[in-house]
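K.L.:
Letter by letter, the sequence shown follows residues 1 to 254 of UniProt numbering.
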Amino acid sequence: MNGWQFAAALAFLAAMLCLWPGADANRLGVTGSGSGGTLHSWGPPARAPESRSATLSSRVRLLGACAGALAVLVALPAPWSIPLGLVAGLVAHLVLGRIEPRAVRRRKEQLLLQQPEVLDLLTASLDAGAALRTATANIARIAPQPSAQLLQEVDAHLRVGFSEAQAWRSLGEESVWGDVARDLARSAETGEPVAKILRSRAQRARQRRHNHLTARARAVGVQAVGPMMVCFLPAFILVGVVPIIAATVSRFLS
1 MNGWQFAAAL AFLAAMLCLW PGADANRLGV TGSGSGGTLH SWGPPARAPE
51 SRSATLSSRV RLLGACAGAL AVLVALPAPW SIPLGLVAGL VAHLVLGRIE
101 PRAVRRRKEQ LLLQQPEVLD LLTASLDAGA ALRTATANIA RIAPQPSAQL
151 LQEVDAHLRV GFSEAQAWRS LGEESVWGDV ARDLARSAET GEPVAKILRS
201 RAQRARQRRH NHLTARARAV GVQAVGPMMV CFLPAFILVG VVPIIAATVS
251 RFLS
């Protein structure tokens, strides 16, 4: 690595540090940590798009882009190292942006597994004569996490004066509960029977859970092939291949 490459690497790193997101990037709304979850300052409740938290943070992606670009700048000779380094940094940033953290995948799976029972509880509360907002508050106290957190957010929006349509629409971008939330928001505006919607959504949620568990069981079988090959392949070589080779060599030498 010559002096010109080193200067280019330092300049690229300085540019990335200038673009480093700071604390001001989160000042899009005023949040609170009350019992009901996240509230935004004024206007209809708006939940942060799930895609922001469903991928690696921008800092991790920038760090990966810097690492990829610097690796190319150091490894390749000039002048090709500059454009190829920029391409490598861009590719690393895009690839890291598509990686979903394990915690996010685990949370989605928990919501998917819990949703049918939570919808059944909401339906039972409505059948018992409770209003939807009352049923939401009651089920939010007994539902498992993270489903309880979503219901607590809706309940918090209702408590501060938002309409039921606005409160449920705040979950419209949620990957698991988004369809249910949009249906309930529409029902609050049109007067469609809520219990009927919840029963239909509970049936669909059970089917989604069944499909998810079936796919996961099949994936376990596929993932078990690698360890089994690691265990049986050496034994096959020692028992089946080595004796044949040894016998052939011994005959050749004799």
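Just so it is clear, CB atoms sit at the ideal spot from N, CA and C, and this is done for glycine as well.
Specify whether the stretch 156 to 164 and the stretch 121 to 129 touch according to this definition: at least 3 beta carbon pairs, one from each stretch, less than 8 Å apart.
P.N.:
Verdict: no, contact absent.
K.L.:
Going by C-alpha to C-alpha distance, which of Pro116, Arg186, Ala181 sits closest to Arg209?
P.N.:
Answer by Cα proximity: Pro116.
K.L.:
Taking the continuous alpha helix (DSSP H) assigned at Leu171, which residues delimit it?
P.N.:
No alpha helix (DSSP H) holds Leu171; DSSP gives it neither H nor E.
K.L.:
Could you tell me the boundaries of the alpha helix (DSSP H) in which Ile142 lies?
P.N.:
Here the alpha helix (DSSP H) through Ile142 covers 132 to 142.
K.L.:
Helix, strand or coil for Leu121? Go by DSSP, reduced to three states.
P.N.:
Here Leu121 sits in helix by DSSP.
K.L.:
Which value, in whole angstroms, describes the spacing of the CA atoms of Arg52 and Arg182?
P.N.:
Its pLDDT being 42, under 50, Arg52 is placed unreliably by the model, and nothing is read from it.
K.L.:
Which residue wins for smallest C-alpha separation from Ala167, given the options Ala137, Ala130, Val176, Ala65?
P.N.:
Here the closest residue by C-alpha is Ala137.
K.L.:
Determine the direct distance from the alpha carbon of Leu112 to that of Thr190, and round the result to whole angstroms.
P.N.:
About 27 Å.
K.L.:
By Cβ distance, which residues of its chain are closer than 8 Å to Glu50, with the 5 residues on each side in sequence left out?
P.N.:
Caution applies to Glu50, whose pLDDT of 49 falls short of 50 and renders its modelled position unreliable; the model cannot decide the point.
K.L.:
Report yes if the C-beta distance between Glu153 and Ala188 is below 8 Å; otherwise report no.
P.N.:
For Glu153 and Ala188, no; Cβs fall outside 8 Å.
K.L.:
Since Ala65 contacts Gly89 with CB under 8 Å, what's their CB separation in whole angstroms?
P.N.:
Yes, they are in contact, since the Cβ atoms of Ala65 and Gly89 sit about 4 Å apart, within 8 Å.
K.L.:
Any idea if Trp80 is buried or exposed, counting beta-carbon neighbours within 10 angstroms, 16 or more meaning buried?
P.N.:
Classification of Trp80: exposed, given that the 10 Å Cβ count is below 16.
K.L.:
Buried or exposed for Ala224, please, with buried defined as at least 16 other CB atoms from any protein chain shown within 10 angstroms of its CB.
P.N.:
Exposed.
K.L.:
Are the CB atoms of Gln110 and Pro146 nearer to each other than 8 Å?
P.N.:
Yes, they are a contact pair.
K.L.:
Buried or exposed, going by whether 16 or more other CB atoms sit within 10 Å of the CB of Ser200?
P.N.:
Exposed, since its Cβ has fewer than 16 Cβ neighbours within 10 Å.
K.L.:
My guess is that Leu150 and Leu171 are in contact by the Cβ rule of under 8 Å, so how many angstroms apart are they, rounded?
P.N.:
Contact flag correct, Cβ pair sits at about 6 Å.
K.L.:
How is residue 294 classed by DSSP in three states: helix, strand or coil?
P.N.:
As shown, the chain starts at 1 and ends at 254. That puts residue 294 outside it, with no answer to give.
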